[in-house]
Amino acid sequence: MIIFATSDKGGTGRSVTSCNVAYRRALQGSNVCYLDFDFGSPTAGAIFGVEAAGQGTSSGSGLHSYLAGNVAEAEQLDVWTGSGLGGRWSKPLGAGRLTLLPGDFGGGEFPVDDAMVDRCCELFLSLDEEFELTLVDLSSGRSYATELVLRATADPAIAEKTARWLVFHRWTSQHIRAASSLVHGPQGILDTGTGCGHERRELEDGIRFVRTAVLEQGSAQLEGLRPEQEVWLQAINTDLQKLAGKLRLGTSMMLGSIPLDPVLQWREQIIVEDDISNTRIANAETGKAFEQLAERLTDDGMWEGL
Amino acid sequence: MPAPVPARARARGTPPATLADVDVLVGEVRTTLLQNSHQVSAETAARLLDLDPGSRVRSATRPFAHAVSPDERTGVHCPLVTSTGTAANGVGTVLARVSVTGGVILQASARTRLVRAVGERRLPWSHYLARPGVIEVDGRSSGDDLADGFLQEPTRTSAADPARGPLDLGAVGNRLLTRVQRMPHIDRVTLLRARRTRLRFAVTWQPPDPSDPPGSEEPAAPDIEFVVHDESLRTLRLRLPPQVRDLTDAVVVCEDLALHDWLLSTVGSLVDNSRIGVDPAADVVARIRPAIDHLLHLWMPGAKVAENLAGIWAALERRPGFSKQWASLRGQIQNQLMMAILESQSVVSARSSNAFNDGFEEVSHGA
Ligand SMILES: Nc1ncnc2c1ncn2[C@@H]1O[C@H](COP(=O)(O)OP(=O)(O)OP(=O)(O)O)[C@@H](O)[C@H]1O
Ligand SMILES: [Mg+2]
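Those sequence lines, one after another, are chains P and Z.
Position one of the first sequence corresponds to residue 2 (our numbering), numbered consecutively onward.
Position one of the second sequence corresponds to residue 185 (our numbering), numbered consecutively onward.
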């Protein structure tokens, strides 16, 4: 299965959430690979703590170079052994592979041509031989990366594979509007996808939304609010829910909601069990939300057509 | 492939006055699982491997189903890696073929023979095309230097000059694999997730031993270094006795070794990740099942290998002991099958003894 992670706006938490979900999914026993298709700012290496690819790889064989046809094979890094975070990262019993295909240091966006689409198809197919889950972090907005994968997944051989889309957004009215427009708006995913040969309905059925850095009602962070503030917050939340429903990203279209976490607010990283139960710097709810989202990626009940 | 020219004899220890001949067979085998929900028939295999309508796919049914594509030629002009760092460039052609074994294992192998270029000048392509599977090498490197350089992990191509990357036979084979995996005759539903493995090999020939009478029947033992570098890369360095000259036979040995090494790695990691001792045996067996159904019966090391190269398998069986490792894996799988049967019986007997107890309790309550 291939999962695409996208968002309309930058800085929504797309990469941090995707990396954490990939990590959880590997812990659950799946072989997972993570592809950094955010060619302008590849950050996955830093989030996973893989030093060799902090801001993209310098080997000259990152995904950007591979897609451009400069190298025959894209570099693959094993996160369990390559992560600089230390001993606690040795592969736990029963965990699957967790492999990072980094972007290139100093890469950038580039227009898509047929040869590139072809190489992208070959990449997805060969990874599918080895990995249950291929997670692709795209650039934000209407990017070349998005066009590239929409064209690649329209190829008959790839179209047989299940492809699903996660659209990340924060819980504010601007983010909600932007996320909806990225999917349904002009030159959005559905428009572009249909132009590439996708069935609009089918493509739409494979799209779900993920809310990030959400201040959950009743969470510890909201304790100590004045009653006026609480009432105001409640009203705003109800309005946002109405807006989301109207713009087709209501609860039924939502695959997960990740609470605001103090650790992630200050540092882009993987939240491991130790951060929750030993040092207790991260919230247990955050870990749970990642875990649940990881499970739901392949939970067909969550992906039934509406 | 044309008949190889025997390496010129050279007395050991004395430096050569002129440059010695170079004769190195290099290649890389990539092995993976054919992406189909069941093993393919001989007809489908033949259609998948029909790369060139002009030539025929060769098929065999014994000892197991095996089909090989015709050789495909690729022209190359590129630098060669040497272990000493001496500069060397090669011009010529690479031969590559792809095969399906047992209807499930897909292999591509690309190989070429490195020989010393006669003159300084590059000749017209027609010259190189007339010698398929040969690369002519300039510079002063020895055969050993080229063989050892080839086995090194290639330094990544500089992005600045991608066209001038070193000889990459793996990429040639990989392209063939991907081409087959994209064909319409298969459904691309995978039986199990397995790694693509790479076996890179370099073969040279031992100088003839002057103490051997000419035409001696008993060939000297081959010299073998097989190294497992990580989960996907293996290298094989062979120094064959001078009598063993058939290049095709040597390639078959390497393909056979790559196939069995892949079986061992794939079934090994499946067993490792099946949670033996943690989950009920029935769950473990369900995870291992694809290997039981499709892979276990394919273990037949050396079955396709020529008589005079049988010594290579014999040596590998001593160390690292392929078949011993395989037997141990089979044993583990059999134990889990036994356990699954025992567990299901104990569930049945526990149920019947519970029924008995329930009945007994009812009686005692009634009393
Ligand atoms: N659940 C969360 N709670 C608090 N902060 C978060 C949360 N998720 C992400 N963040 C923070 O938000 C910031 C942006 O996250 P991230 O880099 O993942 O976004 P992005 O959408 O990938 O951005 P870009 O478009 O630049 O690639 C980071 O500092 C990250 O640590
Ligand atoms: Mg990002």
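Built from N, CA and C at the ideal position, the CB exists for glycine as well.
Exercise. Just to confirm, are phenylalanine 410 of chain Z and valine 210 of chain Z a CB contact at a threshold of 7 Å?
Worked result: For phenylalanine 410 of chain Z and valine 210 of chain Z, no; Cβs fall outside 7 Å.
Exercise. Can you name the residues of chain P whose CB is closer than 8 Å to the CB of asparagine 457 of chain Z?
Worked result: Those are Gly30, Gly95 and Gly97, listed as they occur along chain P.
Problem set entry | Where the beta strand (DSSP E) containing phenylalanine 169 of chain P begins and where it ends | From DSSP, the beta strand (DSSP E) with phenylalanine 169 of chain P extends over 164-171.
For this session: Kindly indicate the opening and closing residues of the alpha helix (DSSP H) around glutamate 205 of chain P.
Result: Its alpha helix (DSSP H) spans residues 201-206.
Exercise. Is the Cβ of alanine 75 of chain P closer than 7 Å to any Cβ of chain Z?
Worked result: So no, alanine 75 of chain P is outside the interface.
Problem set entry | Among Z:Thr228, Z:Ala498 and Z:Trp446, nearest to tryptophan 483 of chain Z - alpha-carbon criterion | When each option's Cα is compared against that of tryptophan 483 of chain Z, the closest is Z:Trp446.
Exercise. In chain Z, what lies closer than 8 Å to glutamate 131 of chain P by C-beta?
Worked result: Under the 8 Å cutoff, chain Z gives Arg377, Ala378, Arg379 and Arg380.
For this session: Using beta-carbon positions only, say whether leucine 590 of chain Z and valine 321 of chain Z come within less than 7 Å of one another.
Result: Outside the modelled stretch of chain Z, which goes from 185 to 551, sits residue 590 of chain Z, for which no answer is possible.
For this session: Could you tell me whether any non-hydrogen atom of ligand 2 is closer than 6 Å to the CB of aspartate 39 of chain P?
Result: True, at least one ligand heavy atom lies under 6 Å from that Cβ.
For this session: Flag threonine 362 of chain Z as yes if its beta-carbon sits less than 7 Å from any beta-carbon of chain P, otherwise no.
Result: With its beta carbon less than 7 Å from one in chain P, threonine 362 of chain Z belongs to the interface.
For this session: Only counting runs of 3 or more residues, tell me where the beta strand (DSSP E) segments fall wholly within the stretch 209-276 of chain P, in order along the chain.
Result: DSSP runs (the beta strand (DSSP E)) wholly in the stretch 209-276 of chain P: 255-260.
Exercise. So is glutamate 292 of chain P in contact with chain A if we call contact Cβ pairs under 7 Å?
Worked result: Annotation note: the requested chain A is absent from the structure, which comprises protein chains P and Z.
Exercise. Whose Cβ in chain P lies nearer than 9 Å to the Cβ of aspartate 234 of chain Z?
Worked result: The contacting residues do not exist; aspartate 234 of chain Z stays about 18 Å from chain P at best.
Problem set entry | Reduced DSSP category for glycine 211 of chain Z - H, G, I as helix; E, B as strand; rest coil | The answer is strand: DSSP assigns glycine 211 of chain Z an E or B state.
Problem set entry | Nonlocal neighbours in the same chain, by C-beta distance under 7 Å from alanine 271 of chain Z, ignoring five residues either side | Taken in chain order, the residues that qualify are Gly323.
Problem set entry | Chain-ordered chain P contacts of aspartate 467 of chain Z [CB-CB under 8 Å] | Residues of chain P passing the Cβ test: none, with the nearest at roughly 12 Å.
For this session: Consult DSSP for alanine 551 of chain Z and reduce its assignment to one of helix, strand or coil.
Result: Because alanine 551 of chain Z carries a pLDDT of 34, less than 50, the predicted location of this residue cannot be relied on, and the following value inherits that uncertainty. The answer is coil: DSSP assigns alanine 551 of chain Z none of H, G, I, E or B.
Problem set entry | Short-range partners of chain Z found in the stretch 130-154 of chain P, where Cβ spacing is below 7 Å | Within the stretch 130-154 of chain P, the residues whose Cβ lies closer than 7 Å to any Cβ of chain Z are, in chain order, Glu130, Glu131, Phe132 and Glu133.
For this session: Just list the alpha helix (DSSP H) runs in the stretch 394-468 of chain Z, keeping only unbroken ones of 4 residues or longer that don't cross its boundaries, in chain order.
Result: 431-456, all fully within the stretch 394-468 of chain Z.
For this session: Give the interface partners of glutamate 161 of chain P over in chain Z, defined as CB-CB distance under 9 Å, in chain order.
Result: Residues of chain Z passing the Cβ test: Asp371, Arg372 and Val373.
Exercise. Alpha carbon to alpha carbon, what distance is there between leucine 234 of chain P and aspartate 240 of chain P?
Worked result: Spanning the two alpha carbons is a distance of roughly 10 Å.
Exercise. What number of angstroms, rounded off, separates the C-alpha of proline 577 of chain Z from the C-alpha of leucine 330 of chain Z?
Worked result: Residue 577 of chain Z is absent from the structure shown; chain Z starts at 185 and stops at 551.
Exercise. Chain Z beta carbons: is any one of them nearer than 7 Å to that of leucine 261 of chain P?
Worked result: So, not an interface residue.
Exercise. Any idea which residues DSSP pairs glutamate 256 of chain Z with across the strands?
Worked result: According to DSSP, which records beta bridges pairwise, glutamate 256 of chain Z is partnered with Z:Ala280.
Exercise. Nearest chain P C-beta to arginine 423 of chain Z closer than 7 Å, yes or no?
Worked result: So, not an interface residue.
Problem set entry | Top-ranked residue by Cα proximity to serine 507 of chain Z, from Z:Glu527, Z:Leu479, Z:Ser453 and Z:Leu448 | Taking only the C-alpha atoms, the option nearest serine 507 of chain Z is Z:Leu448.
Exercise. Which residues in chain P sit within 8 Å of valine 462 of chain Z, going by Cβ to Cβ distance?
Worked result: Residues of chain P passing the Cβ test: Leu94 and Gly95.
For this session: Report yes or no: do three or more beta-carbon pairs, one from the stretch 429-441 of chain Z and one from the stretch 278-296 of chain Z, lie closer than 8 Å?
Result: At 8 Å Cβ cutoff, the stretches touch.
Exercise. Could you give the distance in angstroms between the alpha-carbon of arginine 305 of chain Z and the alpha-carbon of glutamate 256 of chain Z?
Worked result: Going by the C-alpha atoms only, they are around 26 Å apart.
Problem set entry | Contacts that glutamate 123 of chain P makes with chain Z (C-beta to C-beta distance below 8 Å) | Simply Thr362 and Arg366.
For this session: Inspect the beta-carbon positions of glutamate 231 of chain P and valine 17 of chain P and report whether they are closer than 7 Å.
Result: With respect to the 7 Å criterion, glutamate 231 of chain P and valine 17 of chain P are not classified as neighbours on the basis of their beta carbons.
Exercise. Taking 6 Å as the cut-off, is the CB of serine 19 of chain P close to at least one heavy atom of ligand 4?
Worked result: Among the ligands modelled here, namely ligand 1 and ligand 2, ligand 4 does not occur.
Exercise. Would you call the stretch 416-428 of chain Z and the stretch 375-393 of chain Z in contact, with 3 or more CB pairs under 8 Å?
Worked result: Touching, per the Cβ criterion.
For this session: Taking only beta-carbon positions, decide if alanine 314 of chain Z is within less than 7 Å of chain P.
Result: Taking a beta-carbon distance threshold of 7 Å, alanine 314 of chain Z does not count as an interface residue toward chain P.
Exercise. Since isoleucine 370 of chain Z is in the alpha helix (DSSP H), which residue starts that stretch and which ends it?
Worked result: For isoleucine 370 of chain Z, no alpha helix (DSSP H) encloses it, and the DSSP letter there is neither H nor E.
Problem set entry | Nearest-angstrom beta carbon gap, valine 275 of chain Z and tyrosine 312 of chain Z [assumed within contact, 8 Å] | Taking a contact as a CB-CB distance under 8 Å, the pair tyrosine 312 of chain Z and valine 275 of chain Z counts as one, their CB atoms being some 6 Å apart.
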